[in-house]
Amino acid sequence: MSDHSLRTYESILDLLPDADNPTPIVRLRRVVGFRHAKVYAKLEWYNPFGAVKDRVAANLVRDAEVRGEQLGNLVEPTSGNTGIGLAMVANEREYGFSATLSKAIPLEKRTALRLFGTDLVELDDDLCPMPGQPEGAMAKAEELGNRPGWTQLNQYANPANPDAHYRTTGPEVWRQTGGTITHFVASLGTCGTITGTGRFLKEQNPDVQVIGVHPTQGHDIPGVRSRRALALTDFFVPDEYDAILEVTDEEAYGLCRRLHVEESLIAGPSCGLALAGALRAVPDEPGVVAVVMFPDSAWKYLSSFRRHLPDLFPPEDDAPAVPANPFAAHLEAAFALAKSGPDRIDVTEASRLLDAGVTLVDVRNPEEVARTQVPAAVKLPLPDLSAGSLAGLPADHDAPILTICAAGTRSLYAQLLLKAQGYSNVRSVNGGMGAWVEAGLPATPGS
Ligand SMILES: Cc1ncc(COP(=O)(O)O)c(C=O)c1O
Numbered sequence: 000m001s002d003h004s005l006r007t008y009e010s011i012l013d014l015l016p017d018a019d020n021p022t023p024i025v026r027l028r029r030v031v032g033f034r035h036a037k038v039y040a041k042l043e044w045y046n047p048f049g050a051v052k053d054r055v056a057a058n059l060v061r062d063a064e065v066r067g068e069q070l071g072n073l074v075e076p077t078s079g080n081t082g083i084g085l086a087m088v089a090n091e092r093e094y095g096f097s098a099t100l101s102k103a104i105p106l107e108k109r110t111a112l113r114l115f116g117t118d119l120v121e122l123d124d125d126l127c128p129m130p131g132q133p134e135g136a137m138a139k140a141e142e143l144g145n146r147p148g149w150t151q152l153n154q155y156a157n158p159a160n161p162d163a164h165y166r167t168t169g170p171e172v173w174r175q176t177g178g179t180i181t182h183f184v185a186s187l188g189t190c191g192t193i194t195g196t197g198r199f200l201k202e203q204n205p206d207v208q209v210i211g212v213h214p215t216q217g218h219d220i221p222g223v224r225s226r227r228a229l230a231l232t233d234f235f236v237p238d239e240y241d242a243i244l245e246v247t248d249e250e251a252y253g254l255c256r257r258l259h260v261e262e263s264l265i266a267g268p269s270c271g272l273a274l275a276g277a278l279r280a281v282p283d284e285p286g287v288v289a290v291v292m293f294p295d296s297a298w299k300y301l302s303s304f305r306r307h308l309p310d311l312f313p314p315e316d317d318a319p320a321v322p323a324n325p326f327a328a329h330l331e332a333a334f335a336l337a338k339s340g341p342d343r344i345d346v347t348e349a350s351r352l353l354d355a356g357v358t359l360v361d362v363r364n365p366e367e368v369a370r371t372q373v374p375a376a377v378k379l380p381l382p383d384l385s386a387g388s389l390a391g392l393p394a395d396h397d398a399p400i401l402t403i404c405a406a407g408t409r410s411l412y413a414q415l416l417l418k419a420q421g422y423s424n425v426r427s428v429n430g431g432m433g434a435w436v437e438a439g440l441p442a443t444p445g446s
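Residue numbers (numbering that gives the first Met the number 0): 0 to 446.
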């Protein structure tokens, strides 16, 4: 017999949360500057497979079994967490499982799914599967689910998704707050969380404020949807929510970082998103008790952090820039000369010259540029420059030119190459983009 009081379980599925075995809620003390209102985070990474979606995965399967469906192989379009939950529930129940998903989903999540034995069908689709895209994850899952012996449980349209939260999340937070909850805040993806939990809470007390938070159009936060995408989402029922707020990637990732440092919470990006909305919508008044859903932890999102918190990562330099050749020793000597020579410049001076109209040539490869860049810089990857391209450079060979890379090595090669092409006034930026970003000079995530 499984026993919550002893934490002894006969099956991993017995760990799934409910009112008797809730995921924890933890009061936020530092990132929330409130004097009166209490704000609690509901830590969904305490689900057995690490995310809020374990509730949904388990309930989709339970519901199909209760309805007497003969399950053999399951297929689901998923941005990751539902897939992770379904994969593990399917393993335990001995069903097959395929996930259709976008190639834009973080590598970490795709690798986790493979580790769990899932058959992945990877497609060119949005970060979150979008309805109506013929080649998308949803259409593909439908096609696969129509084969004999296959079932698509379809979290986007199956009432068992919000029902999972009506049955578990709602009763948990009601009980955990002793019925004093005044505000419930959730990020918006399929909207199963907000709609199911919100319905339960409003049945207990119609005054509970149910608040949804979504990212901006073109966002980079896995698992959630922009307002436009929400309009196509079955369980998005704005009439049942008291407020809907939009939060930028920058706010979400910034708060996510603070949650680690100031609250010791291993929060993923959509936790930052939900909390940013909560901080705007929840009034700092006596008697206010807010619960904010924290859907999962940070570990699946290293590639997202690389884009949004680049200072956490060492600069990606400096791969050998020049292939082995018979003149390598001479080139090394020329390179050493350039390194010790006067034609180097620091980032502050480079930025000033850029503003004055001097050409800055970024010689990093496109993947690096995509992460962070100086928009006004000419983008000319070193391999193209080595192959003779001068695209975007001034025709006047006496015009001043600055070269930049990640940390200042490839830009020195670029400087030599440009000089070899006849440019007389070329300088390399010391410390590259790493130093540029560290100095707080203007740079944006690339397109
Ligand atoms: C990380 C993450 N945050 C937020 C959500 C949004 O939850 P819901 O789909 O219930 O709206 C999801 C859903 O997949 C998610 O994976």
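The C-beta atom is built at its ideal place from N, Cα and C for all residues, glycine as well.
{"query": "Proximity test, D53 beta-carbon vs ligand 1 heavy atom, cut-off 7 Å", "result": "no"}
{"query": "Span separating the alpha-carbon of P133 from that of Q414", "result": "Here P133 scores only 44 on pLDDT, less than 50, and its place in the model should not be relied on; the value that follows carries that caveat. One C-alpha to the other measures close to 48 Å."}
{"query": "Which residues DSSP lists as bridging D2, in chain order", "result": "T7"}
{"query": "Simplified DSSP state of S427, which is helix, strand or coil", "result": "strand"}
{"query": "Rounded separation between I210 and E142 - CA only", "result": "35 Å"}
{"query": "Cβ pair count under 8 Å reaching 3, the region 50-66 against the region 271-290", "result": "no"}
{"query": "P294: CB within 7 Å of a non-hydrogen atom of ligand 1", "result": "yes"}
{"query": "R146 burial status per 10 Å Cβ neighbour count (16 or more: buried)", "result": "exposed"}
{"query": "Neighbour-count burial assignment, W173, 16 or more Cβ in a 10 Å radius", "result": "buried"}
{"query": "Sufficient close CB pairs (3 or more, under 8 Å) joining the region 382-395 to the region 299-317", "result": "no"}
{"query": "Range of the contiguous beta strand (DSSP E) that encloses N448", "result": "This structure leaves residue 448 out entirely; the chain is present only between 0 and 446."}
{"query": "Contact check, R363 vs P380, beta carbons under 8 Å", "result": "yes"}
{"query": "Span separating the alpha-carbon of L392 from that of P444", "result": "23 Å"}
{"query": "Whole-angstrom distance between N46 and S296, CA atom to CA atom", "result": "11 Å"}
{"query": "For L200 and R166, the rounded distance between their alpha carbons", "result": "11 Å"}
{"query": "Cβ neighbours of S446 in the same chain (closer than 8 Å, five flanking residues each side left out)", "result": "In this predicted model, S446 has a pLDDT of only 47, less than 50, meaning its place in the structure is not dependable; the value taken from the coordinates is given anyway. The answer, listed in chain order, is A369."}
{"query": "Distance cut-off 7 Å: V223 Cβ against heavy atoms of ligand 3", "result": "Ligand 3 is absent from the structure shown, which contains only ligand 1."}
{"query": "CA-to-CA distance, M432 to L416, given in whole angstroms", "result": "20 Å"}
{"query": "Inter-stretch contact at 8 Å, needing at least 3 Cβ pairs: the region 285-292 / the region 174-193", "result": "yes"}
{"query": "Contacting residues, own chain, Cβ-Cβ under 6 Å from D62 (five flanking each side not counted)", "result": "A159"}
{"query": "Cα-Cα separation between A438 and A398, rounded to whole angstroms", "result": "26 Å"}
{"query": "Neighbourhood of Y240 by C-beta distance below 6 Å, restricted to the same chain and skipping five residues each side", "result": "V209 and G211"}
{"query": "Expected contact under 8 Å - CB spacing of L73 and T99 to nearest Å", "result": "At roughly 11 Å, the Cβ-Cβ gap does not stay under 8 Å, so L73 and T99 are not in contact."}
{"query": "Residue range of the unbroken beta strand (DSSP E) whose run includes S97", "result": "G95 to S101"}
{"query": "Same chain, Cβ closer than 7 Å to K338, neighbours up to 5 away in sequence not counted", "result": "L411"}
{"query": "Separation of A140 from D19, as counted between CA atoms", "result": "35 Å"}
{"query": "Segments assigned alpha helix (DSSP H), at least 4 residues, entirely inside the region 256-336", "result": "268-280 and 301-307"}
{"query": "C-beta atoms of S302 and L106 nearer than 8 Å", "result": "yes"}
{"query": "Backbone secondary structure at I83 - three-state DSSP", "result": "helix"}
{"query": "Cβ pair N424, I400 closer than 8 Å", "result": "yes"}
{"query": "Residues that DSSP places opposite G211 in a beta bridge", "result": "A185 and I243"}
{"query": "Beta strand (DSSP E) segments (min. 3 residues) lying fully within the region 20-63", "result": "24-26 and 37-42"}
{"query": "Bridge partners - R343, DSSP secondary structure assignment", "result": "S427"}
{"query": "Distance, L272 Cα to H213 Cα", "result": "7 Å"}
{"query": "Top-ranked residue by Cα proximity to G430, from L440, Q175, G421 and G407", "result": "G407"}
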